[in-house]
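Protein sequences appear in the order of chains A and B.
All residue numbers for the first sequence refer to numbering that gives the first Met the number 0, where the first residue is 0 and numbers rise by one.
All residue numbers for the second sequence refer to numbering that gives the first Met the number 0, where the first residue is 0 and numbers rise by one.
Written below as structure tokens is the structure these notes are about.
2 protein chains.
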Amino acid sequence: MAPAPDSSVELLQGTLDVLVLKTLTWGPRHGYGVVRALHQLTDDVLRIEEGSLYPALHRLERRGLVESEWGLSENNRRAKYYRLTADGRRYLRAETSSWSTFADAVSKVLTATVAPA
Amino acid sequence: MAPAPDSSVELLQGTLDVLVLKTLTWGPRHGYGVVRALHQLTDDVLRIEEGSLYPALHRLERRGLVESEWGLSENNRRAKYYRLTADGRRYLRAETSSWSTFADAVSKVLTATVAPA
């Protein structure tokens, strides 16, 4: 994703995966819990659609970065809970560092005030 | 683009477009000048391939965000020079603000230390 020109921010697939993993670092969550966590952590700036979230969770599960099991939600409904695996935790650490390098580089360009050669 | 897990950073198409526009804010450049500017501004963190750069320049030209004309390079070779248009400058301003909102939100999530609800 590139940031959209309007206020709604379109998420890149790879970035979404990392954000989803991060929400699971404090313990298992069901899908709606992941969405709620992302909204809360970003003051609603990152709006995640179910149409992107579930493919992301399934992608992460296929790659062994999360595991899921059925459980009961706070409303006593059956819900699938997703849990970070050890591989998922390692991947999150690497990608977080990579994101930070990338975002710093982009910011350096966009805020540059002196012409490069 | 999502940041790649290895050190080479894969650029998102939309982000690349904005970075290219930014390098033109100080005056026209030819393609190689754009690449050199991005390498220099980011200490070589953002490596741009010709295979991505020229499609980006053509995309921007089709959208009226840059204009090109032939000129002579510093080595006295014919080269196409790209110039930011007024629309390009407006687009760059909007996208820079959008990028900053997005990057702040992602950073907030990735650096969060307190569990959201």
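Note that CB positions come from ideal geometry on N, CA and C, so glycine has one too.
- Look at A104 of chain B: its C-beta is under 8 Å from a C-beta on chain A.
- Assignment of beta-bridge partners to V65 of chain B by DSSP yields B:L83.
- Of the candidates A:R58, A:L71, A:L64 and A:R61, A:L71 places its Cα closest to the Cα of G32 of chain A.
- Nearest neighbour of Y53 of chain A by Cα position, chosen from A:D43, A:V44 and A:S67, turns out to be A:S67.
- At the C-beta level, V19 of chain A and E94 of chain A stay beyond 8 Å of one another.
- For R58 of chain B, the closest Cβ of chain A is not nearer than 8 Å.
- For T84 of chain A, no Cβ of chain B is located within less than 8 Å of the residue's own Cβ.
- Under DSSP, G70 of chain B shares a beta bridge with B:A78.
- Residue-level contact check: L23 of chain B does not touch chain A, since none of the beta carbons of chain A fall below 8 Å from its beta carbon.
- Annotation: the continuous alpha helix (DSSP H) that includes R35 of chain B extends over G30 to L40.
- Less than 8 Å divides the Cβ of T84 of chain B from the Cβ of L64 of chain B.
- V108 of chain A carries a helical assignment under DSSP once its states are collapsed to helix, strand and coil.
- The CB of V34 of chain B never comes closer than 8 Å to any CB in chain A; the least such distance is about 11 Å.
- Taking 8 Å as the threshold, the shortest C-beta distance from P115 of chain A to chain B falls below it.
- In this structure, T41 of chain B sits near V108 of chain A, with a CB-CB distance shorter than 8 Å.
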